[in-house]
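Quick note: the sequence shown, position 580, residue 662 per our numbering, numbers continuous. For every residue, glycine included, the Cβ atom is placed at its ideal position computed from N, Cα and C. Working notes for the structure below.
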Amino acid sequence: MNRRLWTFFLVLISLSYIFAIITNNNTIGDMVSPILVFVISGYIFYGYVIQQKNKNMVCFGWLLTLSIFSWFVSDLWWGIQTLILHSNPQDDLITAYGYFVTNLLLFLAVFFTGYQDLKKMNKIQAMLDTLIVSICMAVLLWLFVFEQSNTKVLLLLSDPISMASLVIDIIIYAWINVWIFSTRLKKPPLHHLLLVAGGLMYVITDFIYFYIYFYSNYEPNSWIDGAYMISFAVMAISAYVKGKLNIDSIPKEAVKNIFYKFEVEIFILFIPIVVLIFKRSQLQYFILLVVALLIYYVLINFTQKSIFQEKLLELEKENVLGLERKVEERTEEIIKILNTDFVSGLYSRRFFETLLSETLNKIEIDQKIALLYIDLNKSKAIKYIYGKETSDNLVKKVAEAISFIATENFGIIASYGDDAFVIMLIDQDADLVARKTAEQIIEQCSESFYINNYPIRVSLNIGISCFPTDTTNANDLIKNADIAMMQAKAKGYNRIQLYNDKIGKFTYNRHRIELKLKKVIFDNEFLLYYQPQVYCMNGTVCGFETLIRWFDEEKNFISPSDFIPVAEEIGLIIPLGYWIIENAAKQLATWKKETGNDYRIAVNVSSKQLMETDFVQRLHNTLKRYDILPETFEIEITESQEIEHSIEILETLKEINKLGVLIAIDDFGTGYSSLNYLKNIPVDRIKIAKELIDKIEDDVYSSSIIQMAINIAKVKGIKVIAEGVETKEQWECLKSLGCDEIQGYYFAKPMPAKEIVKHWIG
Ligand code: C2E
Ligand code: CA
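Below you can see the structure in the form of structure tokens.
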């Protein structure tokens, strides 16, 4: 129906009813009253049944609706009797029962909600409240309704319906009171207040009705009927508000309020005052009420205290629970943070290690695990050039790319330090899957990554270790993959290396050497050997190469090929290098003193040492100290990219040259050898690598290179010495090619200084 039309209709029937009540017009009153009550019951049905989801609320709604509906039916029946049947409805028993049903259902509805709330109430409090309200009610009824007359009580007893109605009214009234007292709501919602007001109004109207019924004559459609209608209307408004707003009947914070008691209980004080005003002669009842109230207040003080404590305890419990919840949440957050890598967003190292151990413990017999250790190169340089943010973004992007491939191959990936990642693969052929995955990763990551529009290229090295082939231990699995990765790195960029025992031994050895080197005492464990160098023409001595020997604490020999690279890596090569120069110079000075001759001595110098800014100065000082002619001292440098490209080294070499000290290029013809070298570096001698000498007789390529080197050297005035000559044939060959000098086992192995004196310069 149209909204406006409906409002108009409502206003019209309301006004008609008001008119009927004011003018006491029975025809209009009997006609309009059922319509109005019907509409009201509809509103209550809408607000308290249709709009509600809570089962208890719906139940209450049905009871309330039916209660009002029963009034409607009675009213309708009343109208039919007066307007159509023209009989007196006041004598009709059905009418009386009909109105009684309203009371009964209302009682049930109130009882129902009261019962629900009883669970939330303090039981002792509720009992005390019931007691005091009952006493007050009893006194009021006795004084005002029965006027202290037993006959009136008997009269009431003779009319069972009226009596029942009255009893129910009393109970409803008491219930509502108790309910208001005991729940002690601070700010009840509006619909709640309206409902309680409507209920109380109805009950009070009913009391008055019975009073009128007993003492005077009830007139239909008088103001008392209007009062009933208003009480229903108030309930309907409550239903409307409830339906529209749909709020819980008791807001939680309202129940918590515990300081509200006096505001509620002050109401009860009115009852003795009413008695005092209206029944002044009945002072004993006033005293009775005051005493009852005093006892009530004393007792309630205790219950309120216990309620207070109960509430405090409840609040504390809630707080503790809240705190526990927060701690749990925080713990979860912390664990999540610990398990996640900050930069890449992948699992953290900690999480991965735990997961790996757990997986190893429960892996099935036919399954294997492969562990990929992926090292991202160059990221430090990127950090330096582009800044940390770009570097972090790059790591993130690379992590994403790798993670995608890992997931595609059913692997679990985690971050392992700044620029490293690990992947765990579980499969019957985990080693094969690992290889495939590694290849895919290298292929994917060789494309440029765009960070803030910069195209950045990265390179990777991947080491792979397998369970149970390589190890059965989680830590070793990671360690082996890391070792394999380092091996891959040693070979160049974008390499993959599977772990094997050889690599393991090699790395183990390297670590062992590193540990030993870190506590080595130079003078106790190191020793210099000298290998004679001879003229190719006649085999007479022309110089010596200094070669270091290391006999450790237990007098085990460790080859320089094994420990020199480690010494370079850990920086020990610098002090060791100076120690070698010092001792070689000292030796040369001793030989000179002993024989009166100047010999040439060569010392191997690492490129790392040539980068030292004060190298030339220190070399100069040493030679001066031992009074050594610079042209009898030679430094051997091994060809390398570093030497060719480092400006510092080039400068150093030029200064050495200026000093008059000789420079020899070691291992010439291998590695980075380029003839350009000879153009830029002030070289005095080239040492043709043993590798070429080995093949001089039967490999044309080798002999051609040697020939070419000799020819160019001749043009440039550079001397040529052949290294590692082991046979007479090699010597002959070199002689025919025009080589200047020779060094090798054919003439002499490296030997201690004493032997040199004995066999070579004595
Ligand atoms: P290198 O400078 O090429 O040294 C020559 C190596 O070949 C020496 O090995 C020497 O003993 C060996 N050798 C010489 N003639 C023959 C031969 O006819 N047949 C064979 N099979 N070998 C021959 P060593 O002493 O074991 O040194 C190995 C490497 O260790 C050296 O290669 C050098 O790079 C490094 N090294 C040795 N002593 C020193 C040193 O005092 N300082 C530095 N920085 N490096 C050193
Ligand atoms: Ca050498």
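Asked, Found
"Element boundaries [beta strand (DSSP E), containing Val623]", "623-633"
"Inter-residue Cα distance where the pair is Ile778 and Ile838", "29 Å"
"Whole-angstrom distance between Glu410 and Gly653, CA atom to CA atom", "50 Å"
"Sequence-distant residues of the same chain with beta carbon closer than 7 Å to Ala830, five excluded per side", "Gln613, Pro614"
"Leu735 beta carbon less than 9 Å from that of Ile719", "yes"
"Coil, strand or helix - Lys769 by DSSP", "strand"
"Delimiting residues of the alpha helix (DSSP H) encompassing Arg517", "512-527"
"Leu187 beta carbon less than 9 Å from that of Ser152", "yes"
"Limits of the beta strand (DSSP E) - the one that Ala746 falls within", "744-750"
"Span separating the alpha-carbon of Gln526 from that of Asn535", "19 Å"
"Whole-angstrom distance between Phe127 and Lys234, CA atom to CA atom", "39 Å"
"Check: Asp644 C-beta below 8 Å from any heavy atom of ligand 4", "Here the bound small molecules are ligand 1 and ligand 2; ligand 4 is not part of this structure."
"Buried or exposed by the 16-neighbour rule on C-beta atoms within 10 Å, applied to Asp330", "Confidence at Asp330 is low in this model, with a pLDDT of 49, below 50, so the placement of that residue is unreliable and no value is reported for it."
"Touching by the beta-carbon criterion (3+ pairs, under 8 Å), the region 593-601 and the region 482-502", "no"
"Supposed contact pair Ile505 and Ile494 - C-beta distance, whole angstroms, cut 8 Å", "7 Å"
"Where Cys821 falls: helix, strand or coil (DSSP)", "coil"
"The region 688-697 in contact with the region 641-656 per 3-pair CB rule at 8 Å", "yes"
"Three-state class that DSSP yields for Lys637 in the structure shown", "coil"
"Which of helix, strand or coil DSSP assigns to Tyr617", "strand"
"Between the CA atoms of Asp211 and Lys137 - distance to the nearest angstrom", "28 Å"
"Cutoff 8 Å; reference Thr441; Cβ partners in own chain excluding five residues on either side", "Ile451, Met506, Ile508"
"Whole-number beta carbon distance between Ser156 and Thr177, since they are thought to touch under 8 Å", "6 Å"
"Straight-line gap, Phe697 to Lys675 (C-alpha atoms, nearest Å)", "27 Å"
"Phe341 classed as buried or exposed, judged by whether at least 16 other C-beta atoms fall within 10 angstroms", "No answer about Phe341 holds up, because its pLDDT of 42 lies below 50 and its placement is not dependable."
"Entirely enclosed alpha helix (DSSP H) segments - the region 526-605, minimum 4 residues", "556-573, 583-600"
"Uninterrupted beta strand (DSSP E) stretches inside the region 473-500 (no shorter than 3 residues)", "494-497"
"Closest by C-alpha distance to Leu34, when choosing among Gln825, Ala684, Ile640, Leu816", "No answer is possible for residue 34: the residues shown for the chain start at 83 and end at 844."
"Closest by C-alpha distance to Ala463, when choosing among Leu225, Glu814, Ser541", "Ser541"
"Cβ contact (3+ pairs, closer than 8 Å) linking the region 235-245 and the region 297-316", "no"
"Supposed close pair Phe750, Lys769 - CB separation, criterion 8 Å", "6 Å"
"Secondary structure of Thr422, DSSP reduced to three states", "strand"
"Nearest-angstrom Cβ-Cβ length linking Leu454 and Ala496, presumed shorter than 8 Å", "Not quite, the Cβ-Cβ distance comes to about 11 Å (not below 8 Å), so this is no contact."
"Nearest candidate by alpha-carbon position, reference Arg767, set Leu732, Glu805, Val782", "Glu805"
"Complete runs of the beta strand (DSSP E) confined to the region 675-734 [at least 3 residues]", "683-686, 715-720"
"Ala804: first and last residue of the uninterrupted beta strand (DSSP E) it sits in", "801-804"
"Any non-hydrogen atom of ligand 2 closer than 8 Å to Ala563 Cβ", "no"
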